Structures are given as structure tokens and as C-alpha cells.
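Protein chains in written order, with the numbering used here: chain E, 1 to 484; chain B, 485 to 1008; chain R, 1009 to 1103. I have placed the structure first, in the form of C-alpha cells, so that the comments after it can refer back to it.
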Amino acid sequence: MLNSSLKQLSALLAQKEISSVELTCEFLKRIKALNPNYNAFITINEEMSLAQARNADAIIASGDAHPLTGIPIAQKDIFCTKGWLTTCGSKMLSNFISPYDAGVIEHFNKIGAVNIGKTNMDEFAMGSSNETSFYGPVKNPWNIATVPGGSSGGSACAVAARMAPAATGTDTGGSIRQPAALCGVSGIKPTYGLVSRYGMIAFASSLDQGGPIAKSAADLALMLNVMVGFDPRDSTTLQREKEDYTHDLGKPLDGLRIGLPREYFVKEMSDDVARAVEAAITEYRKLGAKTVEISLPNTKLSIPVYYVLAPAEASSNLSRFDGVRYGYRAPKYTDLNDMYQKSRAQGFGAEVKRRILIGTYVLSHGYYDAYYIQAQKLRRLIAQDFIEAFKQCDIIMGPTSPTTAFSLGEKSNDPLRMYLSDAYTIATNLAGLPGMSIPAGFGNEGKPVGLHIIGNYFSEAQMLNVAYQYQQVMDWHAQMPFTQ
Amino acid sequence: MQWEIVVGLEVHTQLSTKSKIFSGASTIFGALPNAQACLIDIGFPGVLPVLNRDAVERAIKFGLAVGATINPVSIFARKNYFYPDLPKGYQISQYELPVVQGGSIKIQAGHYGSEHNKNIRLTRAHLEEDAGKSLHEDFDSVTGIDFNRAGTPLLEIVSEPDMRSSSEAIAFAKTLHSLVRWIGICDGNMQEGSFRCDANVSIRRLGENTLGTRREIKNLNSFRFLQQAIDYEAQWQIDTLESGGKIQQATVLFDSSKRETRVMRNKENAQDYRYFPDPDLLPLEISQKWIEQINNSMPELPMQRSCRFMAHDTTSYADALREQFGTKPETNPDILIKQSCHMATVNDIHKIYALSAYDAAMLTADITTADYFEEVVKIVGNTHAKLCANWVVGEIITRLNQESKIIVVSLISAQQLAGLLLRIVDGTISGKTAKDVLNDMWNSMDGVTADAIIETKNLKQVSSKEEIERIIDEIFFTNPRQVSDYRNGKVKAFNFFFGQVMKATTGKANPAQVKKILAEKLIA
Amino acid sequence: MSLSLDDVKRVANLARIEVGEDEARATLAQLTGIFSLIEQMQAVDTSAIKPMSHPQDAVQRLRDDVVTETDQHKLFQSIAPQVEARFYLVPKVIE
Chain E
1 MLNSSLKQLS
11 ALLAQKEISS
21 VELTCEFLKR
31 IKALNPNYNA
41 FITINEEMSL
51 AQARNADAII
61 ASGDAHPLTG
71 IPIAQKDIFC
81 TKGWLTTCGS
91 KMLSNFISPY
101 DAGVIEHFNK
111 IGAVNIGKTN
121 MDEFAMGSSN
131 ETSFYGPVKN
141 PWNIATVPGG
151 SSGGSACAVA
161 ARMAPAATGT
171 DTGGSIRQPA
181 ALCGVSGIKP
191 TYGLVSRYGM
201 IAFASSLDQG
211 GPIAKSAADL
221 ALMLNVMVGF
231 DPRDSTTLQR
241 EKEDYTHDLG
251 KPLDGLRIGL
261 PREYFVKEMS
271 DDVARAVEAA
281 ITEYRKLGAK
291 TVEISLPNTK
301 LSIPVYYVLA
311 PAEASSNLSR
321 FDGVRYGYRA
331 PKYTDLNDMY
341 QKSRAQGFGA
351 EVKRRILIGT
361 YVLSHGYYDA
371 YYIQAQKLRR
381 LIAQDFIEAF
391 KQCDIIMGPT
401 SPTTAFSLGE
411 KSNDPLRMYL
421 SDAYTIATNL
431 AGLPGMSIPA
441 GFGNEGKPVG
451 LHIIGNYFSE
461 AQMLNVAYQY
471 QQVMDWHAQM
481 PFTQ
Chain B
485 MQWEIVVGLE
495 VHTQLSTKSK
505 IFSGASTIFG
515 ALPNAQACLI
525 DIGFPGVLPV
535 LNRDAVERAI
545 KFGLAVGATI
555 NPVSIFARKN
565 YFYPDLPKGY
575 QISQYELPVV
585 QGGSIKIQAG
595 HYGSEHNKNI
605 RLTRAHLEED
615 AGKSLHEDFD
625 SVTGIDFNRA
635 GTPLLEIVSE
645 PDMRSSSEAI
655 AFAKTLHSLV
665 RWIGICDGNM
675 QEGSFRCDAN
685 VSIRRLGENT
695 LGTRREIKNL
705 NSFRFLQQAI
715 DYEAQWQIDT
725 LESGGKIQQA
735 TVLFDSSKRE
745 TRVMRNKENA
755 QDYRYFPDPD
765 LLPLEISQKW
775 IEQINNSMPE
785 LPMQRSCRFM
795 AHDTTSYADA
805 LREQFGTKPE
815 TNPDILIKQS
825 CHMATVNDIH
835 KIYALSAYDA
845 AMLTADITTA
855 DYFEEVVKIV
865 GNTHAKLCAN
875 WVVGEIITRL
885 NQESKIIVVS
895 LISAQQLAGL
905 LLRIVDGTIS
915 GKTAKDVLND
925 MWNSMDGVTA
935 DAIIETKNLK
945 QVSSKEEIER
955 IIDEIFFTNP
965 RQVSDYRNGK
975 VKAFNFFFGQ
985 VMKATTGKAN
995 PAQVKKILAE
1005 KLIA
Chain R
1009 MSLSLDDVKR
1019 VANLARIEVG
1029 EDEARATLAQ
1039 LTGIFSLIEQ
1049 MQAVDTSAIK
1059 PMSHPQDAVQ
1069 RLRDDVVTET
1079 DQHKLFQSIA
1089 PQVEARFYLV
1099 PKVIE
């Protein structure tokens, strides 16, 4: 059952082979056993999860079930969840019981899915290794000496270690795709504007996008069907006709043009990753796809542009954490200013503070044009590269991450090196394009490698099918780590 | 040395929408603390702003009323600073591209009789959210924060430094205050903070062209404080420069009890607001079609109405409009009026009253007064417009001012006043008696009609010729000596007879008629 | 543009984050490294490019002016650091 697809679990529930309560208990039991080693969850609330499961069983009994009714889903702790501690991986929100539900949470509640727990994450989603969490690092289930990636490391770990059938994540610069790659699971960041950001604690508003992490492309499609949707409370969500993301699954890939960016296949990519990615592409050729070399000339500027824009937006987004209305307030202070200074110095971790300082600096008087405006102009160039590229191909492929999972502590004191691990994923956030990572085998020491799939705007259904076809002929996604 | 005072104003007007600019919380004033502060207003993690259409519509109305450009695309920006009543650590405002740009407002400054007209240019008007309120006095060692006001829509109206005295600044503020209420975008309640002024004040030697260093006086919540603060600040700057000092750019607060300004922050510790486009809000697009729709629903503006009230005929009306609103090539008065005014005016072309500039100004000080006046004229008749104006200005407005009331709560309805004036027109009562009737109406508060008072108090003027002749004959009969005196050249005796007749009719006789008949009879 | 220790302190103050002297020095070293990466942006001539603040070429949607919220101060203030008589409390603000 641990390896069952969402479709299979749904069938078991529908046929009353198992109840949602039993399924929920099963996963709760596994979380209790494994989480002490992996630290994938910040909050487990058996009582609330089981209440939802009982409710789901009633819905199933009444015959009104949705494909995901009664299925336990792990929620990234960035989504405000009513009555649940919602920490965003920060000491700042270590006492924050959310009084409301995020749009995404509402969608899951509406169809009767079960919240199995809130997953660990890099503090305010700022990190690529899950080491910036106030709640301690998450371990990669394939090798507990290595990181799971970040920032949705808890969600990726939970799915990889089969502590949850599927999970939610958010992706600002690769935070769904990079941990999915490092943990050997599948994840998709949809086109910006498809998933509501309401109640998703903001890191960088113009880049943040929620999406699912699951075992397979087929599962991701079912998750997207729940997560995507216009939300009148988010001015940046798009009013589009509801799409069934499973509708393309099964279409043959004959004639599919896969673009391979010259700039992605460079020396920064480690040999084992290169080998796995090339093997995957060979597999795609067998499935009928053609490859074309394309160029994304400005993509090399993604990291500098991102590390101006994301911190700038973050510095402003995180100003609301001031110890006045909610969250952490320093125990001792002399006056108002001291209260602000100490609450924020103590409530935020080092990486968050670093990014707030970068962001404050690039927006400050005299630097705005040279940094912020210049970065926004380059952002346009980066986005235009993709528009050009998609005239020559249907889909773009490359590695998700330049290396497999690195060791805990290896980069945590070297922010610059850490930032480079997002080199391949950031450009899609800047352009607002959908991006996806699926397991493509293993590199050295048996560590998973992710294949990065970038689609054109709103081509999620096609991307999912591209991944699905591969997962019909290869079984990397079905492999699970030896858990303990 | 001769100094020139230079003033520019920034006015924060709270827009009278039902809900807040970015949330669905109520904006009603006076709720219990934090009762009207929703997740968005308090700035909870994860919440997002969605723009209120009516707030935008009010900004467009203002732009149209002052002849400004409505930007087809405007941008919301974040103004970042920390303050306990600013929930998100930034205020959503507009910076580089405001919704309204340019425009101007005509003011009449100076004292009655020596006033001058002046055009004050506007720089811009932009939409933003209000902050919460800090209560410093109610708690011992802490400050209490109420977020009810947070998120109330504001239109910040910024003028050019075109004013040269505190009285011009007051005239501008009052004209603006009247205008925003006139077009129904702000309730103008200054006690409740719906209309708040900041004044930028600098001085320079008379004849100089460059501006001096300015200091900004924050949060002036009454016209009186605005005047006092500017006067004090200008004098302080003059004294400082004359004693060899220099003016440092600064933001200052006006202490109304001590009547002085005090520095809040100077240029060195000026805030670095780090403005940048708010990524949670998309560009605000305003279509020409939307602007036209709003334009068609605009009321006739004070200046247009004043022109109409003063006009003698359509030609003079068109001339006045042409002068007020700039020369237009159009010469056909009907078309010009149509172009210059909004649809509402076109139906009003025949409603011209040939009033004096003073009456027109008084009657267009606010829209309720103007409506009240026209309601009265409608009943009494266009030919008696001057009479109506005299009574509305001389009686109603004067009485209301004495009792510090506004016309909305006038104790006498337009119908009541018109009913009274009709009795003057048809000669039933004299103007003097009418004032007594008005007194009764004012004090009775139950909407009693003039006719009812005239009837009960038997105030009807004696105007039958036979009746007056009969009374005169009686008086002649009892006073034969005075009759012969008059006829022998003692013309002063006329006043004696007039007084006798008025006495006999207890003042109800029409004086003009009495004089006429009396003269005829004495000659005979 | 090279970052100074004063820049770090100025920015930390703007962001209301207390930094000690040692911390400021360490931060300076890290930020200097990050900014050396960021400086790569300056090599590109972007004079003809329009800044892109948003991934979508969409315009702001407008809400109807309707009151939808009710008084929930009890719920919201249940997680506040300090409240009294419906007010949020902060150390005395001196203007």
C-alpha cells in the first residue's frame, strides 16, 4: 500500500477495501516511526487528521467522493492551516496557530482530503538544503548524511520515505523541483498564476508558486486538479477554464521536439548527473521524440537577477513580522525600536536575515536603478529567451540540479555555493513558466538524479504526459529508499 | 526685507467607500477597537490585497473634476517603513505612476470685496491605504493600536507650491474640501479625520524665482490649525533667515496648544522608503470607456454652476464658461456648454438666474446649498431668483452659520421657504412680516407651512383698496385739522396719516399701497 | 560598488534587525561575496529593455465595494503578543 498510486488508493477507498481512518492511521504510524530520523514533519496532529478522515469516510459512504477524498496529504508548513501551528520553518512563527485556511488548503478540505501533517522546510522557503529550518534539517531518506534539498525538503522526504502518498510544496527558485530531484520523487511547479497564493506565506510574491510533490506524473496530475484554480482573493491568479490535467496522459510522444539548452550541459554539471540525464534523453528518443539544440543566452544571469529580485520582495514581505500582532516578540527590550530590532534579530535565522539585508540594500536610495531595475530588465531578457526557444521546440529538458544530494553542512556556511545549486531551476520562476522534475536514475553512491522538464506557459498537461510516458517505460519513480 | 511665503499642500482624503481599499472590512467610523480590522487589514502572513473598484472610481471622478489626466495605466507601489500602526511594514501607495496627474483648482482668496481669483495647479492625486491609529494617552507605559482605520482608502491630493499666503492655502483647502464633498467621494468630516492636510512651507526673497528650503508640517486637521501652523512656520523661517540662520529640510509637527512647530525628523534621518512596485497587485488599467461612463454621471461642478447662476442668457453663460475653462474654438453657445459641462448641465441651460458673484459664490459653497436654492427657485419661479437668493443667503445661511449647522440639517425645507416667498410675491404679507413667519417656522421644527402661520396669527396683509380707503376716510374724519394742515403745505403730516393707517391695520396693510392711496386722497 | 561596514549597519537599521559588531563584519564578508556575483548584471546593456515586474502580462482585477468581514478580533488577538481592552499593545511610542 505504501507504494500505491493515488488512483489505486482512491479505488481501495471507493471499494471500501480500506477506510480513510485506517489509511490515515497507517501513515500516521509510519510517520511516528520514521520522522524522528528524517525530521520531515514539524507538526503532526492525530486528532485533527483523524477527524478529517472520519469526515472523508462519511463523504465516501454518501457516494460524493472525489478521486482524492480520504487520501492523506502532507502540507508544507508554508500554507496557513486553520487551527494548526503554521511556522514557515521559523522561530518567528513558532507560536502561530493560523486563524484561517490558505486557498490551497481550502481546496483540499473541500474535496475531503486528509491533512496528515505539516512538513518541514527551509525558513520562509529560503534555502536549497532544508538546513535553514528553525526545526532542524530534514535528512535525505536515500542517504541520511545528505540533504533532501529545499525549500520543500520535508515534503519531498515525506513522499520519498512513503510517509505520505503525496505532498504540497512551493517553488520560488526551484523549491519543489530541486528537493524532488534530490529525493528521487516527482514534482511540478505550475505556470505562475495557476495556484492561489492566498494563505501561502510569501517569500517573493512575483516568483512564488505552489505545486505538488508525488511519486509519479499521474499522481501529480490528480494533485494539480485539486490545487489549480482561480481565487478572487489573489489578484495574481488567472481566470481560466478548469482543466483536467490527466486528459493528455497516454498520448504518444511521436514527433515531440525536445529542446536541449546548450548552456545547461556545461562543466558545472557533475558527471553522474550528466550520464543519467543523457540516458533519459536517449529513452525519450526511443519514445519517438526528437531533440534540438537550443540556446538560452541570458540564463547565466538567472542567479544574480534572482538574488536581487527575490530578496528585494522578501525584505518587504517579511517586514510584517515585527512582534506586534502575532509571532515572536523578544522577551526583553528597552523601547519600541529595540523591540523591533531584537524580535527580528532573534526570530529570524541567519539566511533569512542575510536575504532581508540584501533586499533592503538593493531597494535603498541610490541603488534601486542599478540593482532592482537592472534585474527586472534582465528578467525580461531571460523570459524572452524562452519565448524564442519555444518556437523551435515543444519542451525543454536538462538536469534539475547540477549535483546529486550533497552532505549536510557541506554548503551551509557558504551561501554563494548554496545559491549555485539552483542554477537550472531559477530561470523558469523568473519567466513564470512551468517546470517539473522526475526521477531519472541514480548517480554515484546510489543518490537520485532528477530530469528537469520545462514547458511553455499553461502546458502542464502536456508536460505531465511527457513525464508519464517515461514513467511507463522506466521504473525509477517506483523505487523507494530503504527506510529506518 | 520683503519675504514671499510659498506653500504647497498634500491632502489626504478618505474615500467614502463602504469597504476598505484592499479588503472587505467595513469603513464605518466609530466602531469598537479592532472590530473592523480583518486579516488583510492586520497584515496576517499569507493574505493578499484585491483592489476596490469604487475607490478607483472615486479617484477618476476627482481627476475629471479638476481637469486632470487619468493615467490609462497606473502602478501600486510599496512604501516601506516600520511603525506600529502600519501593519505590513509597508503602505500600499502609488509612486511613479499615480492614477491622476495634473489638473488645477480655482480659488478665491482674500477678504470679501477685495478677493482675487487664482489657479492652483495640482501635481497628482494617488490612491493609497490609510494606517491604523496609535493611542498614546489611554495606557500607562504602552501604546495601544487600533487597526480599524487601516486599509481605509485614501486619495492623496498633492498641489504645486502655488500658494503665497496662509489665506490662499486655506482658500485652496476649503475649495478642495467643498469639491470632494460636492462630487461625493469623501464625507469631508475633519473631526473624524476624513480630510487631513500636510503643508510644505518655504520662504524666499520677493522677486526671487528659485524655491527656498521647505519644511513639511504634518497632520493639520482643521482649517484653523492649518492657518496658524503656516503663519507660525513662515514667521519662524523669516526670523531664522534674518538672524543669519539657515533652514534645514525637515518634517515638523504643529503643537496647537503651544502654537509652534517642532521637528519630527530632519534630512539626515529622513526615511528611506524603498518604494518598489507591489508584486501582489497588477497594473491598474482604466479604459476610456470607463472614464466616459463616469464622466456622464458627474454632477455639474461648483464653478460651472456658479457661472450658470450668474448668467443673464445662454450667450453670457457660454462666455463665462469659456473664460473659466479656457478658450475653446467652439462658438455655438449650446455646443460649448455641452462640451464644457457634463450631461446634467445641458438640461439646466434655461435655469439661469442673473445672480451677483457674491450670491453665486455663497450658493455654490456646497452642493446641498446649491440644490436647496434651486429647489426654492423651482417653486417660486425664475423671475424671483434674486429674491430666493437673498433669502437663502441672507436668512437661511446666516442663521445656520450662527448656529454652526449645515444646510443638510436645515430646519426649514426648500418647500417651506418657497411657500413663504410665494406669499411675499403675491403680496399676502410684507417682507418684514415674512421674517417673523420664518422665525416661527425655524423655532417650531415641525415643518409648519407659512400659510398656516399667516392664517393662525392673522398676518394677512390688508390689500383691498376699498378697505384701505374706508380706514383713511375714518382717519380724515377724526383728524380734520391735520388734513387742512397738509393741504396748507405742512407735508410732514403725511407721515402722521401713514402711521395712523398702519396702526389701524396692525401693520398688515401693504405700505406701498397705503402710500399711494393716501397721496391720491390728500390731493383730492 | 563595494559594500562597507557602514552600509551593513545602515541597512540592518532600515530592516530593524539588530546586528552586533562581529556579526556585521561577518555579514559584510558574505554580502561582499554575493554582490560580486550580482555585479555580473552590470555587464549587460539594458537601456532599451522595459523592466518586468510580473511574470504575466495581465491587469489588476477589481473587487466590488461590498463589506464581507465581521468582527473577529477575539480570534485574531488570541495569538497576539500583548493585548488589552481590544487594543494591540506596543512599547510607548514617542513622536
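Backbone N, C-alpha and C define an ideal beta-carbon position, used for all residues, glycine too. Predicted, not measured: the structure shown is a model, and the values here were computed from it.
Item to check | Cβ neighbour criterion (16 or more within 10 Å) applied to MET92 of chain E | outcome: buried
Checklist entry - What residue does the alpha helix (DSSP H) around GLY154 of chain E start on, and which one ends it? => result 153-160
Item to check | Under the three-state DSSP convention, the category ALA221 of chain E falls into | outcome: helix
Checklist entry - Which residue comes first and which comes last in the alpha helix (DSSP H) that contains ASN874 of chain B? => result 869-875
Next on the checklist: Here's a check: name, in chain order, each residue in its chain whose Cβ is nearer than 6 angstroms to the Cβ of PRO813 of chain B, leaving out the five neighbours to either side.
Outcome noted: Because the pLDDT at PRO813 of chain B is just 47, under 50, the model does not fix this residue reliably, and the value given afterwards should be weighed accordingly. Here the set comprises nothing.
Checklist entry - If we count the other Cβ atoms within 10 Å of its Cβ and call it buried at 16 or more, is ASP762 of chain B buried or exposed? => result buried
Item to check | Contacting residues, own chain, Cβ-Cβ under 7 angstroms from GLN469 of chain E (five flanking each side not counted) | outcome: LEU253 and LEU287
Item to check | Contact with chain B by PRO232 of chain E, beta-carbon distance below 8 angstroms | outcome: yes
Next on the checklist: Measuring alpha carbon to alpha carbon, tell me which residue in B:TYR759, B:LYS949, B:GLY915 and B:LYS862 is nearest ILE576 of chain B.
Outcome noted: B:TYR759
Checklist entry - Quick one: what does DSSP say HIS600 of chain B is sitting in, helix, strand or coil? => result strand
Item to check | Min CB distance ARG320 of chain E to chain B below 8 angstroms | outcome: yes
Checklist entry - Quick one: what's got a C-beta closer than 8 angstroms to MET339 of chain E's C-beta in the same chain, skipping five residues either side? => result GLY323, ARG329, ALA330 and TYR333
Checklist entry - Mapping DSSP to helix, strand and coil, what is ILE512 of chain B? => result coil
Checklist entry - If the cut is a Cβ gap below 8 angstroms, which residues of chain E does LEU1013 of chain R touch? => result Going along chain E, no residue has its Cβ under 8 angstroms from LEU1013 of chain R, so there is no contact; the nearest lies around 13 angstroms.
Next on the checklist: Give me the chain E residues within the contact set of ASN564 of chain B, using Cβ-Cβ distance strictly less than 9 angstroms, ordered along the chain.
Outcome noted: SER315, SER316, SER319, THR360 and LEU363
Item to check | C-beta contact flag for PRO141 of chain E and THR483 of chain E at 8 angstroms | outcome: yes
Next on the checklist: Does the structure place the region 712-725 of chain B close enough to the region 486-501 of chain B that three or more beta carbon pairs sit under 8 angstroms?
Outcome noted: yes
Checklist entry - So, GLN945 of chain B versus ILE896 of chain B, is the Cβ gap smaller than 8 angstroms? => result no
Checklist entry - Quick one: which chain R residues come within Cβ less than 8 angstroms of ASN95 of chain E? => result ILE1087
Checklist entry - By the 10 Å Cβ neighbour count, where 16 or more other Cβ atoms means buried, how is ASP614 of chain B classified, buried or exposed? => result buried
Checklist entry - In this structure, does DSSP put TYR1096 of chain R in helix, strand or coil? => result strand
Checklist entry - DSSP on GLU445 of chain E, reduced to helix/strand/coil? => result helix
Checklist entry - Hey, does ILE576 of chain B have any beta-carbon neighbour from chain E nearer than 8 angstroms? => result no
Checklist entry - Nearest-angstrom Cα distance between SER4 of chain E and GLY327 of chain E? => result 39 angstroms
Next on the checklist: To the nearest angstrom, how far is the alpha carbon of LEU871 of chain B from that of PHE707 of chain B?
Outcome noted: 32 angstroms
Next on the checklist: Along the chain, where does the alpha helix (DSSP H) containing ILE863 of chain B start, and where does it finish?
Outcome noted: 851-864
Item to check | Contacts that HIS620 of chain B makes with chain R (C-beta to C-beta distance below 9 angstroms) | outcome: LYS1100, VAL1101, ILE1102 and GLU1103
Checklist entry - To the nearest whole angstrom, what separates the beta carbons of GLY89 of chain E and PHE124 of chain E, a pair I think is in contact under 8 angstroms? => result 7 angstroms
Next on the checklist: Our contact map puts GLU293 of chain E next to ARG262 of chain E with C-beta atoms below 8 angstroms; I'd like the distance itself, whole angstroms only.
Outcome noted: 6 angstroms
Checklist entry - Under 8 angstroms, do ILE544 of chain B and ILE770 of chain B count as touching if we go by C-beta distance? => result yes
Item to check | Residue nearest to ASP1073 of chain R in terms of C-alpha spacing, selected from B:GLY878, B:VAL642 and B:ALA509 | outcome: B:ALA509
Item to check | Through-space distance from THR146 of chain E to PHE406 of chain E, alpha-carbon basis | outcome: 5 angstroms
Checklist entry - My guess is that CYS670 of chain B and SER678 of chain B are in contact by the Cβ rule of under 8 angstroms, so how many angstroms apart are they, rounded? => result 6 angstroms
Checklist entry - Roughly how many whole angstroms lie between the Cα atoms of CYS522 of chain B and SER1044 of chain R? => result 43 angstroms
Checklist entry - When the cut-off is 8 angstroms and only beta carbons count, does GLY103 of chain E lie next to chain R? => result no
Item to check | Chain-order list of residues whose beta-carbon lies under 7 angstroms from that of ALA204 of chain E (same chain, five-residue window excluded) | outcome: THR172, LEU309, ALA310, GLU313 and ALA314
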